[in-house]
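Numbering (this note's numbering), first residue to last: 76 to 234.
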C-alpha cells in the first residue's frame, strides 16, 4: 500500500478516534435533556454550549477547506451558541447529526485522491487539507474531553 493511501486512512480514523479516549458518539450518548443546558458548578460551559461550539467550528473548517466563497463567522461570538441551553427539544439531536455529517464530509475530502493533502488551499493563507484534518481532530478531542468533564460534574457519565 502506498504512503498516500495509508496517510488518508489514518486521517480518516483520527477524525473520530476512540482508541485513547471517548469518541464523539460516547460523549453525546444518553445525556438527559434536562442536563444539556445546565452549567456545572465551577465550570464555564454547559454540554449544549460545547456541542454547538464543536458543530460551528467543524462546519467552518470543512466549508473553508472546500469552498473559496465561504466566509467564517466572527470570532469568538460566531463560534458559540447564544444560550447555555438548547433552544428547543430537537436542537441537541440536530446538532449531533450535523456534526456527524460534517465529519463524514471531511473524511470524504481527505479520502479523495484528487485533493492533495499537502498543497496549500488556494484561498487560504498557507493552510493545507492535512492541516485542516488535524485541526478538526485536535479541536474535537479537546472539546470532547471538556464535554465528558461536564457530564462527570453533572453525574451523567458512566464511562
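Every residue, glycine too, gets a C-beta built ideally from N, C-alpha and C.
Listed in chain order, the non-local C-beta contacts of residue 145 below 7 Å within the same chain comprise 138 and 139, local neighbours out to five positions each way being set aside.
Scanning 122, 192 and 195 for the CA closest to the CA of residue 168 turns up 122. Rounded to whole angstroms, the separation of the alpha carbons of residue 89 and residue 225 is 23 Å. If you check the CB distance, residue 196 and residue 133 do not come in under 8 Å.
Here residue 191 is exposed. Its C-beta has fewer than 16 other C-beta atoms within 10 Å. Here the segment 209-229 lies against the segment 107-119, with 3 or more beta-carbon pairs under 8 Å apart.
Classified as buried, residue 215 has 16 or more neighbouring CB atoms from the shown chains inside 10 Å of its CB. 8 Å or more divides the Cβ of residue 107 from the Cβ of residue 127. Cα atoms of residue 136 and residue 203: separation of roughly 11 Å, rounded to the nearest angstrom. Between the alpha carbons of residue 186 and residue 100 lies a gap of roughly 22 Å. In the DSSP secondary-structure assignment, residue 156 is not bridged to any residue.
Distance from the CA atom of residue 142 to the CA atom of residue 158, rounded to whole angstroms, is 29 Å.
The C-beta of residue 207 has 16 or more other C-beta atoms within 10 Å across all chains shown, which makes the residue buried.
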